[in-house]
Amino acid sequence: LANILGEHLIPAAGWQLIADASGEPLPALFVAPTARLAQVPWSLLAVPGDTGRRLIELADILVPAPPNIANSPRTPARWDERRDSPALLILDPRVPGQRPDSALGSVLGRPDADGPLARHFAELRARRDVLPEVSSTV
């Protein structure tokens, strides 16, 4: 399926441009699909006639939010109506392949219960509800 989609969605000249630009650092490929093509796994498209290389190996693929979402009408959130709602905590994502408590395991650095960020959110948790519900700040 990846081969078929790769052949039909990106013309040969497009693949050639991508191949010519690929290297270090990888070029950015901006894909703005129509609503029908929004569910295509663009990064997994196979290079036609190749031995299994995928588009993600040749370029960094950037896909924006679909226009129907980005341009949808929204009602502005009023602070005076939301100020007493639970505060949203910052989540520190794990680095794949690393333990969360290792030096490289956390985007914000090694977790430290006595650090300024943890102290700030511990004080916030003591004063009001937070989302997501957590038992500790570290």
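So the sequence shown is numbered by my numbering: it starts at 17 and just counts up by one. Quick reminder that beta carbons are idealized off the backbone N, C-alpha and C, glycines included. Remember, it's a predicted structure, so these values are computed and weren't measured experimentally.
Closest Cα partner of residue i within the set the options
i	options	result
His24	Val56, Ala51, Ala48	Val56
Leu45	Arg52, Leu60, Ala29, Ile77	Ile77
Ala129	Val111, His136, Leu140, Val154	Val154
Leu53	Pro41, Arg135, Arg94, Ile26	Ile26
Per-residue burial, residue i [other beta carbons within 10 Å of its own, 16 or more giving buried]
i	result
Ile20	exposed
Gly125	exposed
Leu71	buried
Asp50	The displayed chain sequence assigns Thr, not Asp, to residue 50. The residue in question, Thr50, is exposed, as its Cβ has fewer than 16 Cβ neighbours within 10 Å.
Thr91	exposed
Cβ-Cβ distance between residue i and residue j below 7 Å
i	j	result
Ala75	Pro116	no
Ala37	Pro80	no
Ala62	Gly22	yes
Leu156	Gln114	This structure cannot settle anything about residue 156, because the visible part of the chain is limited to 17 through 154.
According to DSSP, residues forming a beta bridge with residue i
i	result
Gly46	Strictly speaking, residue 46 in this sequence is Phe, with Gly absent from that position. According to DSSP, Phe46 bridges with Leu78.
Ser122	Arg110
- Message: For the structure I just gave you, are there three or more beta carbon pairs, one from the region 99–113 and one from the region 54–74, closer than 8 Å?
- Response: no
- Message: Across the region 144–151 and the region 102–121, are there enough close Cβ pairs to call them in contact, namely three or more that are closer than 8 Å?
- Response: yes
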